[in-house]
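Notes follow once the structure below has been shown.
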Amino acid sequence: MAVLVIAQHANAALAPASLATITCALEIGAKGGGEVTVVVAGRDCRAAADEAAALDGVAKVLISDHGMYENASAEALAALIEPLAVDYGHILYPATTYGKNAAPRLAALVDSQQVSDIQAVIDAETFVRPIYAGNALATVRSKDAVKVITVRATAFEKAAPGGTPARVEDLAPAAADGLSRFVGAEHSASARPELTSARVVISGGRGMQSGDNFALLEEIADQLGAAVGASRAAVDAGFVPNDFQVGQTGKIVAPELYIAVGISGAIQHLAGMKDSKVIVAINKDEDAPIFQVADYGIVGDLFEVLPQLKAALAAAKQG
Amino acid sequence: MKILVAVKRVIDANIKVRVRHDGSGVETANVKMAMNPFCEIAVEEAVRMAEEGIADEVVLVSAGPGPAKETLRTGLAMGADRAIHIVTEETLEPLAVAKLLAAVAAREDPGMILLGKQAIDDDCNQTGQMLAALLGWSQGTFASKITIDGDTITVTREVDDGLETVALTRPAVVTTDLRLNEPRYATLPNIMKAKKKSIDPLTPDELGVDITPRLEVLRVTDPPAREAGIKLDTAAELVDKLVNEAGVL
Ligand SMILES: Cc1cc2nc3c(=O)[nH]c(=O)nc-3n(C[C@H](O)[C@H](O)[C@H](O)COP(=O)(O)OP(=O)(O)OC[C@H]3O[C@@H](n4cnc5c(N)ncnc54)[C@H](O)[C@@H]3O)c2cc1C
Ligand SMILES: Nc1ncnc2c1ncn2[C@@H]1O[C@H](COP(=O)(O)O)[C@@H](O)[C@H]1O
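Sequence order for the protein chains is A and B.
Heads up: the first sequence begins at 1399 in my numbering, then just goes up one per residue.
Heads up: the second sequence begins at 1396 in my numbering, then just goes up one per residue.
Below, the structure written as C-alpha cells:
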C-alpha cells in the first residue's frame, strides 16, 4: 500500500500545514505505510506541484489543474480522490479548515471512520489525538482498509526539499456535480506572518476592550515580527475577525513565544496554545488561570504594561 | 421546508474533564451534561427560520442512551416542534451517526439538515460532512451566516484566512460555527409546552444501520502537564528573561 497526501496550497506554494502533513505521511510510510504520493488539485497550481515533487521522500505527485478545484470545494475534491482510494492505505489532509471540510466527505464515501487531528504516529494503524479540548489524549487504532486522517500541523516538522525530484503526473478531473457554487471570499489581508506558522504570537482577549486597542498589540507584533491572535471573546465582541481565534474551535498554534494579553485562560483557549515553547501572560487578575501555564507572568493593567513592554523591546534592540 | 437538526449530549463545556486512572476514558459518572454548544446554535438557527416562516417544521434528532431525551427536551423548549431519539447504549462514532442521520433523512425528507461543526467531547468535526457525502448533498460547513432564497442556501463560512461564501442547491447539509447566532434560553412557559411535544424512539436496527465502532481506543491519558512559571514586576525584567533565560528573542 501507499500513503496519499491531499495538499492545501495557494497555487504558487504549498501551505505550511501541507509540509507538516507530508512529514507525518513519511513517518507513516516508514512505519509500514509505503511510499508517499501528494495530490495537488487547483487552478494554475503547477508551481505548488513542483514544490511538492522537490520535497525529500515524496515518491510521486499527482496534479489536477482545473477550474473546478480552484476554490477547494469539498464536493469536487472528494469526487476526484474517491477513485484513487483503492490504491492507498492512508489518505492524509492537514487539519486546517480546508482539510476539516474535505476529509470527512471522502471518508464517508470510502466507508472509513476518519481519525481527526492526529499529533503522533505510533505505528501505521495507531495514532494519538487530543479529545475534550486537549484535556485528554486518546491512542486509537484503525483497522479500516483506507485510513482517512487529518494531521495537526504544529505536531510535525515541515518537510524540506532534498533528493531527486519526484515525477509529476496528470490526474484527470472528475465529472462536475454542480452541487455547490463558490460565491466569493473575504480574506483578511495582513502583512504580518500567518498565525499558525509564526515564530511569535501575541494575542488579545476581552481585556483589550475594543478593536482599536488591538493597535497596542500590533505595534509590539511589528517589533517582534509576530502574528496577532485573539480569544473567542475578543472575536465574538467584534474586536478582530474570526480568523484570529486561537483555541479548541479556532486555530492551533505552537510558536516559540506566545504572549497572552487580557486573556483569562479558559480551557478552550489553552487548547489552542499550550504547546507553545514559552508562554507569557499579562493580566490584572493574579488568579487568572492563564498564569498556571505561563512561564512568565506580569500581574498588571495591560494599558500600562503594553507601552512599557514596547519601550523595553525598543531599548533591548538598541542595547 | 422541513429542517432536521442533529443534537448531541456532551459533558458541559465548563467542566474540566478528568481522565480515568485505568486509562479507559474520561470520568462521566456524576458529571454535568449539556447540549453540545454548536448544536444549540443549530437549534437556534432553525427556530429562527421557523419564526421567520422559512421553515415549517423543525425536527430534532439525537442518538445516544436514555438521557439524550433530556437534551432533546431542551431543544424542544427552545422552540423545535418534535424530536426523534435514536436509542442506543453503544459508543457512537461520527460515521455511524452520519449513517443513522442519513436513514432518518430518507424518512423525513428535509430541505436542510443542520449540525454543529464539532462535538466538544470527541472534537471530531466530521459528522455533517459525512452525512452530506452519504446523501449525495452539498455541504456548507462552519457557517456564520445562512440565507435561504428559493432552492438556494447561501452560507458564509468561517475559514482559516477569513470568510468564504458558497451557494448550495437544496437539500443541503450545513454545520454551525460560533458566530452564527446567540442561542436563547428556554423560558418557563416554553419548558412547560415542550413537555407535551413528542419524542419518538427509534433504534439503529429499525433504521437498518450497523453502528459497530471501527476505531479501537487503546488508552486515554492526561496530556503532559505545564508548570506555572514565575511572576515578574516589570516589562523590562520580562524582556531580559525572554532574551537571556528563554532565548526566544
Ligand atoms: C463551544 C465553545 C468553544 C470555544 N472555543 C474557544 C476557542 O477556540 N478559543 C477561545 O479563546 N475561547 C473559546 N471558547 C470560549 C472560552 O470558554 C472563554 O469564554 C474565552 O476564551 C474567554 O476569552 P477571554 O479570556 O478573552 O475573556 P475573559 O474570560 O472575560 O477574560 C478577560 C481577561 O482579561 C483580564 N483583563 C481585563 N481587563 C484587563 C486589563 N485592563 N489589564 C489586564 N488584564 C485585563 C481579566 O482579568 C480576564 O482574565 C469557547 C467556548 C465554548 C463554549
Ligand atoms: N450522537 C449524536 N446524535 C446526534 N447528533 C450528533 C451525534 N454526534 C454528533 N452529532 C452531530 O454532529 C456534529 C459534529 O459532531 P462531531 O463530528 O462528532 O464533531 C454535532 O454537533 C451534532 O450536530
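Ideal placement from N, C-alpha and C gives every residue a C-beta, glycine not left out.
Thinking residue i and residue j are a contact (beta carbons under 8 Å), I'd like their distance in whole angstroms, please.
i	j	result
E1592/A	A1625/A	6 Å
G1609/A	G1636/A	7 Å
D1454/A	A1589/A	Not quite, the Cβ-Cβ distance comes to about 31 Å (not below 8 Å), so this is no contact.
F1642/A	G1663/A	That belief does not hold up - the Cβ atoms of F1642/A and G1663/A are roughly 17 Å apart, past 8 Å.
G1440/A	E1473/A	With a Cβ gap of about 15 Å, G1440/A and E1473/A do not count as contacting.
T1542/B	G1418/B	Their Cβ separation, rounded to whole angstroms, is 47 Å, which puts T1542/B and G1418/B out of contact at 8 Å.
L1577/A	L1482/A	Their Cβ separation, rounded to whole angstroms, is 20 Å, which puts L1577/A and L1482/A out of contact at 8 Å.
T1571/B	K1626/B	About 40 Å; that fails the 8 Å criterion.
L1711/A	L1614/A	That pair is no contact at about 13 Å.
R1539/A	L1613/B	6 Å
To the nearest angstrom, how far is it from the Cα of residue i to the Cα of residue j?
i	j	result
E1622/B	T1419/A	30 Å
V1434/A	A1450/A	11 Å
T1551/B	G1535/B	8 Å
A1586/A	G1461/B	The question names Ala, but residue 1586/A is Ser in the sequence shown. Looking at the two C-alpha atoms, the distance is approximately 45 Å.
I1516/A	A1570/A	30 Å
L1583/B	M1473/B	10 Å
A1500/B	A1567/B	11 Å
K1411/B	T1547/B	41 Å
I1547/A	A1437/B	26 Å
A1713/A	Q1706/A	10 Å
L1530/B	V1554/B	24 Å
L1573/B	E1601/B	34 Å
E1480/A	H1488/A	12 Å
V1566/A	F1554/A	25 Å
T1552/A	L1622/A	20 Å
E1452/B	N1611/A	45 Å
A1500/A	T1494/A	10 Å
T1423/B	L1610/B	20 Å
E1640/A	A1538/B	The sequence as given places Asn at residue 1640/A; Glu does not occur at that position. Whole-angstrom Cα-Cα distance: 12 Å.
A1518/A	N1585/B	47 Å
S1506/A	A1528/B	Before going on, a small fix: residue 1506/A reads as Ala here, not Ser. Rounded to the nearest angstrom, the two C-alpha atoms are 6 Å apart.
S1462/A	R1597/A	33 Å
E1684/A	V1697/A	6 Å
A1497/B	R1468/B	22 Å
K1403/B	L1597/B	16 Å
D1556/B	D1595/B	42 Å
S1674/A	A1652/A	4 Å
A1543/A	L1478/A	19 Å
A1564/A	K1458/A	5 Å
V1634/B	G1717/A	12 Å
K1540/B	G1560/A	45 Å
Output needed for residue i: all residues of its chain with C-beta closer than 7 Å, excluding positions within five of it in sequence on either side, in chain order.
i	result
P1489/B	C1519, Q1521, T1522, M1525
D1485/A	A1400
P1599/B	I1481, T1483, L1495, I1606
Q1406/A	A1413, A1415, S1416, P1492, T1494, Y1496, G1497
R1579/B	E1439, M1473
L1504/A	A1476, I1479, E1480, I1489, V1546
With DSSP as the reference, please indicate the residues paired to residue i in a beta bridge.
i	result
P1492/A	V1549/A
H1480/B	S1457/B, P1596/B
M1671/A	DSSP output for M1671/A lists no bridge partner at all.
K1458/A	T1435/A, R1565/A
P1559/A	L1453/A
F1525/A	V1519/A, V1538/A
E1452/B	K1397/B
D1463/A	G1440/A
E1553/B	L1558/B
G1602/A	A1628/A, V1659/A
T1547/B	D1544/B, T1564/B
N1681/A	V1697/A
S1533/B	A1567/B
K1494/B	DSSP lists no partner for K1494/B.
A1543/A	Paired residues: none, contrary to the question.
Using a Cβ-Cβ cutoff of less than 8 Å, which residues in the same chain neighbour residue i once the five nearest sequence positions on both sides are dropped?
i	result
V1405/B	M1428, A1429, M1430, N1431, A1514, I1515, D1516
A1446/A	A1405, H1407, A1408, N1409, A1410, A1411, L1412, V1438, G1440
Excluding the five sequence neighbours on either side, which residues of its own chain have a C-beta within less than 6 Å of the C-beta of residue i, listed in chain order?
i	result
A1458/B	I1481, L1487, V1492, L1495
A1531/A	Q1646, I1665, Q1666, A1669
A1581/B	A1472, M1473
V1676/A	L1655, D1693
L1424/A	V1434, G1455
G1420/B	V1615
A1679/A	A1658, I1688, F1689, A1692, G1695
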